[in-house]
Amino acid sequence: MNSPSEQVEEEFGVPIPGTILPEDQWAKTALKKMPPPGPLDFAALFGRTAPIVLDLGCGNGRSTLLSALQRPDFDHLASDILPVVIRYATRRGNQRGLSNTRWAVIGGRELLRDYIAPHSITEIHCYHPQPYYERHEIGKRLIMPEFLSLVHRALLPDGLFVIQTDNPAYWNYIASVAPHFFEVQEHPTPWPDAPSGRTRREILALQKGLPIFRGLCKPRADLTEDALKALVKTLPRPNFNADRRLMVLDRLESEGEDPAAKQPPQRRRR
Ligand SMILES: C[S@@+](CC[C@H](N)C(=O)[O-])C[C@H]1O[C@@H](n2cnc3c(N)ncnc32)[C@H](O)[C@@H]1O
Numbered sequence: 000m001n002s003p004s005e006q007v008e009e010e011f012g013v014p015i016p017g018t019i020l021p022e023d024q025w026a027k028t029a030l031k032k033m034p035p036p037g038p039l040d041f042a043a044l045f046g047r048t049a050p051i052v053l054d055l056g057c058g059n060g061r062s063t064l065l066s067a068l069q070r071p072d073f074d075h076l077a078s079d080i081l082p083v084v085i086r087y088a089t090r091r092g093n094q095r096g097l098s099n100t101r102w103a104v105i106g107g108r109e110l111l112r113d114y115i116a117p118h119s120i121t122e123i124h125c126y127h128p129q130p131y132y133e134r135h136e137i138g139k140r141l142i143m144p145e146f147l148s149l150v151h152r153a154l155l156p157d158g159l160f161v162i163q164t165d166n167p168a169y170w171n172y173i174a175s176v177a178p179h180f181f182e183v184q185e186h187p188t189p190w191p192d193a194p195s196g197r198t199r200r201e202i203l204a205l206q207k208g209l210p211i212f213r214g215l216c217k218p219r220a221d222l223t224e225d226a227l228k229a230l231v232k233t234l235p236r237p238n239f240n241a242d243r244r245l246m247v248l249d250r251l252e253s254e255g256e257d258p259a260a261k262q263p264p265q266r267r268r269r
């Protein structure tokens, strides 16, 4: 039961996981400055050894907050390229006392390439990577053969990659390349742990009645380093048409990004 001083926040009518604790229970979860490139020492970062979960392009951090609350025995590193969303997410991690989270401003590809030791990560999550609609932005799309190869390299052999999008063209592309790296199982229904959506974007897409494509990917065991390199060279890059009509959802998502953060949180009645 919440104490009178614990507070809940919500966005789009859906509570943000966890409650704001009294200040003396807050944690320090910011990874303020990335160290020089080299494998991150997670044991030093979290002060313990635990399975590591990454959330790449975490936005306002909902999925990581949920996972960290549900699984206190797992440590979580969430990243995004936008400092403002990481600021919101970090504050929420702090206010919920989630010492099993860290938040960093860095691209997903760069994090995997420069900071993650091979075969060291238990789960990598990537929810609704930016589709990038303009031709000149296509190179910014996160999911491409090189990225999938980095995910494969980062994961433990029995690790898990969770990828999801509401963009049909992006999903068609993912469904055509991901099986070269992973055994992919589609998960067509909402996540049982978050039926209204694990993330801000999933909540919006569900509320708009859009289809959501979710994939649970297990690394293929038969891939050598050379085979991975060959896949990166030969598989197509994500040159699909993301359909500009879907841009409206991006606008909605970024509009009033995190209105809950600007309003005083509600006090939950006992
Ligand atoms: C559509 S939003 C989805 C956010 C969140 N995962 C969700 O589902 O609500 C895409 C996010 O990816 C971030 N992003 C874009 N390119 C990125 C990259 N190369 N690496 C990490 N994050 C990236 C954006 O800043 C944005 O926060």
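The sequence shown runs 0 to 269 under numbering that gives the first Met the number 0. Heads up, the beta-carbon is just placed ideally off N, CA and C, and yes, glycines get one too.
TODO: Check whether the Cβ atoms of A153 and L111 lie closer than 8 Å to each other.
DONE: yes
- [ ] Determine the direct distance from the alpha carbon of R140 to that of L251, and round the result to whole angstroms.
- [x] 20 Å
Open item on the list: Under DSSP, the beta strand (DSSP E) around F181 begins and ends at which residues?
Closed with: 181–185
Task: Through-space distance from G107 to D54, alpha-carbon basis - done: 9 Å
TODO: Verify whether the separation of the beta carbon atoms of H151 and T198 is less than 8 Å.
DONE: The criterion of a C-beta distance shorter than 8 Å is not satisfied by H151 and T198.
Open item on the list: With distance defined between alpha-carbon atoms, name the residue in A103, V52, L30 nearest to L159.
Closed with: V52
Open item on the list: Taking 8 Å as the cut-off, does the region 111–121 touch the region 78–93 (at least 3 CB pairs, one atom from each stretch)?
Closed with: no
TODO: Give me every residue whose Cβ sits closer than 7 Å to any heavy atom of ligand 2, in chain order.
DONE: As far as ligands go, the structure on display features ligand 1 and does not contain ligand 2.
- [ ] Indicate whether the contact test is met: 3 or more Cβ pairs, each with one atom in the region 231–240 and one in the region 187–205, closer than 8 Å.
- [x] no
Task: Secondary structure, beta strand (DSSP E): runs of 3+ residues fully inside the region 59–86 - done: 74–79
- [ ] Provide the residue(s) that pair with T164 in DSSP beta bridges, ordered along the chain.
- [x] F212
TODO: Assign T223 to one of two classes, buried (16 or more other C-beta atoms within 10 Å of its C-beta) or exposed (fewer than that).
DONE: exposed
TODO: Quick one: grab the DSSP three-state call for W190.
DONE: coil
Task: As assigned by DSSP and simplified to three states, the class of A177 - done: helix
Open item on the list: Distance check for A43 and L81, CA to CA, integer angstroms please.
Closed with: 26 Å
Task: Nearest candidate by alpha-carbon position, reference S98, set G138, D72, L147, D165 - done: D72
Open item on the list: Distance check for T48 and R243, CA to CA, integer angstroms please.
Closed with: Separation of R243 and T48 (C-alpha to C-alpha, rounded to the nearest whole angstrom) is 45 Å.
TODO: Using only alpha-carbon positions, find the residue among I105, T233, L64 that is nearest to P34.
DONE: I105
Task: Burial state of N171, where buried means 16 or more other Cβ atoms lie within 10 Å - done: exposed
Open item on the list: Among A29, E185, K217, whose alpha-carbon lies nearest the alpha-carbon of G96?
Closed with: Per the C-alpha coordinates, the member of A29, E185, K217 positioned closest to G96 is A29.
- [ ] Check whether the Cβ atoms of P167 and P194 sit closer than 8 Å, and answer yes or no.
- [x] Not a contact, by the Cβ cut-off of 8 Å.
Task: Residue closest to H179, alpha-carbon to alpha-carbon, out of E201, W102, V231, A26 - done: V231
Task: Coarse secondary structure for L276, derived from DSSP in three states - done: With the chain covering 0 to 269 only, the question about residue 276 has no answer from this structure.
Open item on the list: Strictly by DSSP, which residues pair up with L224?
Closed with: In the sequence as presented, Leu is not what sits at residue 224; that position holds Glu. Paired residue(s): none; E224 is not in a bridge.
Task: Alpha-carbon spacing of Q163 relative to F212, whole angstroms - done: Each residue's Cα considered, the two are about 5 Å apart.
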